[in-house]
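Peer 1: Position in the sequence shown (first residue = 1) + 10 = the working numbering.
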Amino acid sequence: MRRLGGEVDVVRSDAVDLHAVAHSPPDAIVISPGPSHPENAGCSIEAVRRLGRRIPLLGVCLGHQAIAAAYGGLVERADEPRHGRTSLVVHEGQGIFADVPTPFQACRYHSLVVRPDSLPAELIATAFSDDGVLMGLQHVEHPVFGLQFHPESILTRHGYRLLANFLRKAGLDPPHDPEELETAERIAEPAVPPPISRVVTF
11 MRRLGGEVDV VRSDAVDLHA VAHSPPDAIV ISPGPSHPEN AGCSIEAVRR LGRRIPLLGV
71 CLGHQAIAAA YGGLVERADE PRHGRTSLVV HEGQGIFADV PTPFQACRYH SLVVRPDSLP
131 AELIATAFSD DGVLMGLQHV EHPVFGLQFH PESILTRHGY RLLANFLRKA GLDPPHDPEE
191 LETAERIAEP AVPPPISRVV TF
C-alpha cells in the first residue's frame, strides 16, 4: 500500500479501539494475514461487523476468513495446507479483479479455508483456485472484499493491480502506477536456480 502511495498505520488487532476508529474513520481498512483461526484474531470479526458498512475493507488470508465468519460463513481446515505455494486463480473480473488477467498466479499461505457453500446472501464468491478453493469474495452492497491468497507476495502476479483496485473502490486514487511497480519488482527478482535432482537431509 505504501509503494502505491498510501499512508499506512499498522496496529495490532488486539489493541484496536473500534469506537475510536468509528469516531475518526480512516479512508480504508486492511485486515491482514495472521496465525490461528479468525475467532482468535483480536477484534477482526467485530471490526467487519461494526465498520464494514461505513469503511471500505479488504481482508487478506486470515482477514478474508474473518469477513466470511463475520457474516455467518464457515471456516474449516483445508484438505491440504498451502504454505508458500502458488496456484492459478480464476475469476470473472468482478470488483477488485477488474483488469486482472484470468487465470493468474497467486501465492498461498493457509491451512484454513472458507466453505463457499456456506456464504450468506450478503457475500458472493469472486475467485477460485485451480484446486477449487475459494480465493475471493465480496459484499453485494458494501465495499468489503476478501482475498485468501497474498497479493503482497512477490510470487503473486498482478498484486499491485488488485491493491490499487481496492484503493479505487475506497474512493482513493493511488499516485503510483501498479504496472510499473510490478515490472520493477519482476526485474529485481533473483535468477531461478536449477532444479535439484537429489536432496539429502540429516
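Cβ coordinates follow ideal geometry from the N, Cα and C atoms, glycine included.
#1: How about G181 and S128: do their beta carbons lie closer than 9 Å?
#2: Assign V242 to buried or exposed, taking buried as 16 or more other Cβ atoms, counted over all protein chains shown, within 10 Å of its Cβ.
#3: Among the candidates F159, E162, S97 and L68, whose CA atom is the shortest distance from the CA of Q115?
#4: I'd like to know if the stretch 94–111 and the stretch 44–57 are in contact, where contact means that at least 3 CB-CB pairs between them fall below 8 Å.
#5: Check each candidate in H152, L147, D89 and D19 and name the one with the smallest Cα separation from F159.
#6: Output the boundary residues of the alpha helix (DSSP H) element that contains S46.
#7: Judging by CA-CA distance, which residue of V154, L68, P48 and P35 is the nearest neighbour of D24?
#8: From this set, L67, Y170, A32 and L133, which residue's C-alpha is nearest L14's C-alpha?
#9: Could you pull the start and end residues of the alpha helix (DSSP H) that G82 belongs to?
#10: Do G69 and F155 come within 9 Å of each other at the CB atom, strictly closer than that value?
#11: Which same chain residues end up closer than 7 Å to A3 when comparing Cβ atoms and leaving out the 5 residues on each side of it in sequence?
#12: Short of 6 Å in beta carbon distance, which residues of its chain neighbour L84, apart from the five on each side in sequence? Order them along the chain.
#13: Just tell me which of H149, H33, H74 and R12 has its CA closest to the CA of A131.
#14: Can you pull the DSSP bridge partners for S139?
#15: Which of the three DSSP states, helix, strand or coil, is assigned to F159?
#16: Use the C-beta contact count for S139: other C-beta atoms within 10 angstroms, 16 or more gives buried, fewer gives exposed.
#17: What number of angstroms, rounded off, separates the C-alpha of P161 from the C-alpha of P185?
#18: Between the C-alpha atoms of R1 and K179, what's the straight-line distance to the nearest angstrom?
#19: F107 and A135 look like a contact to me (Cβ under 8 Å); what is the Cβ gap, rounded to whole Å?
#20: With C-beta atoms as the reference, is A88 less than 9 Å away from L122?
Peer 2: In short:
#1: Here residue 181 refers to the residue found at position 171 of the sequence shown. Here residue 128 refers to the residue found at position 118 of the sequence shown. Contact flag unset, no.
#2: Nothing in the structure corresponds to residue 242, since the chain is present only between 11 and 212.
#3: Counting from 1 along the sequence shown, the entry for residue 115 is found at position 105. Nearest C-alpha to Q115: S97.
#4: Cβ pair count under 8 Å is below three, so no.
#5: Residue 159 sits at position 149 when you count from the first residue of the sequence shown. The shortest C-alpha separation from F159 is found at L147.
#6: On the sequence shown, residue 46 is found 36 positions in, with the first residue counted as 1. From DSSP, S46 is part of no alpha helix (DSSP H); its letter is neither H nor E.
#7: Here residue 24 is taken as the residue at index 14 of the sequence shown, counted from 1. Relative to D24, the option among V154, L68, P48 and P35 whose CA is nearest is P48.
#8: One-based indexing of the sequence shown puts residue 14 at position 4. Nearest to L14 by C-alpha distance, out of L67, Y170, A32 and L133, is Y170.
#9: Translated into the one-based positions of the sequence shown, residue 82 becomes position 72. Where G82 is concerned, there is no enclosing alpha helix (DSSP H), given that its DSSP letter is neither H nor E.
#10: As a working mapping, residue 155 is identified with position 145 in the sequence shown. As a working mapping, residue 69 is identified with position 59 in the sequence shown. The Cβ atoms of F155 and G69 lie closer than 9 Å to each other.
#11: Nothing about residue 3 can be read from this structure; the chain reaches only from 11 to 212.
#12: By 1-based counting over the sequence shown, the position of residue 84 is 74. Non-local beta-carbon contacts of L84 in its own chain, meaning distances under 6 Å to residues more than five positions away in sequence, involve R125 and S128 in chain order.
#13: Here residue 131 corresponds to residue number 121 of the sequence shown, with the count starting at 1. Distance from the Cα of A131 is smallest, within the candidate group H149, H33, H74 and R12, for H149.
#14: As a first step, residue 139 must be located in the sequence shown, where it is residue number 129. Beta bridge pairing from DSSP links S139 with V99.
#15: Stepping through the sequence shown from its first residue, residue 159 is reached at position 149. F159 falls in the coil class under three-state DSSP.
#16: Taking the first residue of the sequence shown as position 1, residue 139 is located at position 129. S139 should be labelled buried.
#17: Counting from one through the sequence shown, the residue named residue 161 turns up at place 151. Counting from one through the sequence shown, the residue named residue 185 turns up at place 175. Their Cα atoms are separated by approximately 19 Å.
#18: An answer regarding residue 1 cannot be provided, because it is not within the stretch 11 to 212 covered by the chain.
#19: Stepping through the sequence shown from its first residue, residue 107 is reached at position 97. Stepping through the sequence shown from its first residue, residue 135 is reached at position 125. About 12 Å separates the two Cβ atoms, so there is no contact after all.
#20: What you label residue 88 is simply residue 78 of the sequence shown in a count that begins at 1. What you label residue 122 is simply residue 112 of the sequence shown in a count that begins at 1. Yes, Cβ-Cβ distance for A88 and L122 is below 9 Å.
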